[in-house]
Amino acid sequence: MKPSTTWSGYGRELCDGLGTFFGSRTQQTFDWPLAKDGRRHVRSRIGSAELPARHEAAADLAWLTATHGTA
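Take our numbering: the final residue in the sequence shown is number 130, and no numbers are missing along the way.
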């Protein structure tokens with residue numbers, strides 16, 4: 060991680076979530092249901108910090124159905 064990486068700014072709670080996750084010594088995965096703009100922001104912050112982290116988007120059908128109903 061770049062020494063100058065700051066996990067705050069933009070007035071977003073997303074950066075606080077990233078800071079908590081990357082500051083943890085025990086947590087290795089983080090399931091985080093985010094909309095498109097949130098995912099874009101998170102990918103951008105991970106990339107700009109040059110972190111050796113993998114991120115992936117997966118559709119959670121149960122969550123989508125519970126949140127938005129059936130199609």
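Backbone N, C-alpha and C define an ideal beta-carbon position, used for all residues, glycine too. Quantities reported herein were computed from a predicted structural model and do not represent experimental measurements.
How would you call residue i, buried or exposed, if buried means at least 16 neighbouring beta carbons within 10 angstroms?
i: L77; result: buried
i: R104; result: buried
Residue i to residue j, Cα distance in whole Å?
i: G106; j: C74; result: 13 Å
i: S83; j: T124; result: 31 Å
i: A108; j: Q86; result: 19 Å
Report the option in the options whose CA atom is closest to the CA atom of residue i.
i: F81; options: A125, P111 and E115; result: P111
i: A94; options: A116, Q86 and Q87; result: A116
i: R99; options: T79, T126 and H114; result: H114
i: G97; options: T85, T79, G128 and E72; result: E72
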